[in-house]
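Colleague: Numbering (the working numbering), first residue to last: 45 to 168. Just so you know, even glycine gets a beta-carbon here, dropped at the ideal spot from N, CA and C.
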């Protein structure tokens, strides 16, 4: 990201993803917490990326994100969340060219949207 205000760009990316997640009726508070846990774990050691089925990851990668999120909820939310986390982290690292620090800032901005009354919600 070569924008003049990279934090703003990260916030916009997080808002875009949040909107898509929020539109999925299955993405309840319980799933939000698991998603956050998986995302943070993957930021630390990329373990979630190593764990997911690469064929499923490739299939989800080739469909629109909104549709993929809805399908994940219908088929297998637990597995789907891990695929979604892997997909997002790969996108941030490879296509958006974000280093670990910027990925963490994205994570914070997303948490602020997912949990608006929390500590994260007060910062962003």
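Fully enclosed by the segment 74–136, which alpha helix (DSSP H) runs are 4 residues long or longer?
Modeller: Those alpha helix (DSSP H) runs which fall completely within the segment 74–136 and span 4+ residues are 91–95, 98–105, 109–119 and 121–134.
Colleague: Suppose contacts are defined by Cβ-Cβ distances below 8 angstroms. Is residue 54 in contact with residue 150 by that definition?
Modeller: What you label residue 54 is simply residue 10 of the chain shown in a count that begins at 1. What you label residue 150 is simply residue 106 of the chain shown in a count that begins at 1. Cβ atoms of residue 54 and residue 150: closer than 8 angstroms.
Colleague: Here's a check: name, in chain order, each residue in its chain whose Cβ is nearer than 7 angstroms to the Cβ of residue 51, leaving out the five neighbours to either side.
Modeller: Within the chain shown, numbered from 1, the residue matching residue 51 stands at position 7. Contacts found: 149.
Colleague: Go ahead and label residue 126 buried or exposed: buried means 16 or more other beta carbons lie within 10 angstroms of its beta carbon, across all protein chains shown.
Modeller: For this step, residue 126 is matched to residue 82 along the chain shown. By the 10 Å Cβ count, residue 126 comes out buried.
Colleague: So is residue 108 buried or exposed if we call it buried at 16+ other beta carbons inside 10 Å?
Modeller: Position 64 of the chain shown, counting from 1, holds the residue named residue 108. Exposed is the call here.
Colleague: Does DSSP classify residue 150 as helix, strand or coil?
Modeller: Here residue 150 refers to the residue found at position 106 of the chain shown. Helix at residue 150.
Colleague: Have a look at residue 77 and residue 83 and give me their C-alpha separation to the nearest angstrom.
Modeller: Within the chain shown, residue 77 is the residue found at index 33, counting from 1. Within the chain shown, residue 83 is the residue found at index 39, counting from 1. Each residue's alpha carbon lies about 10 angstroms from the other.
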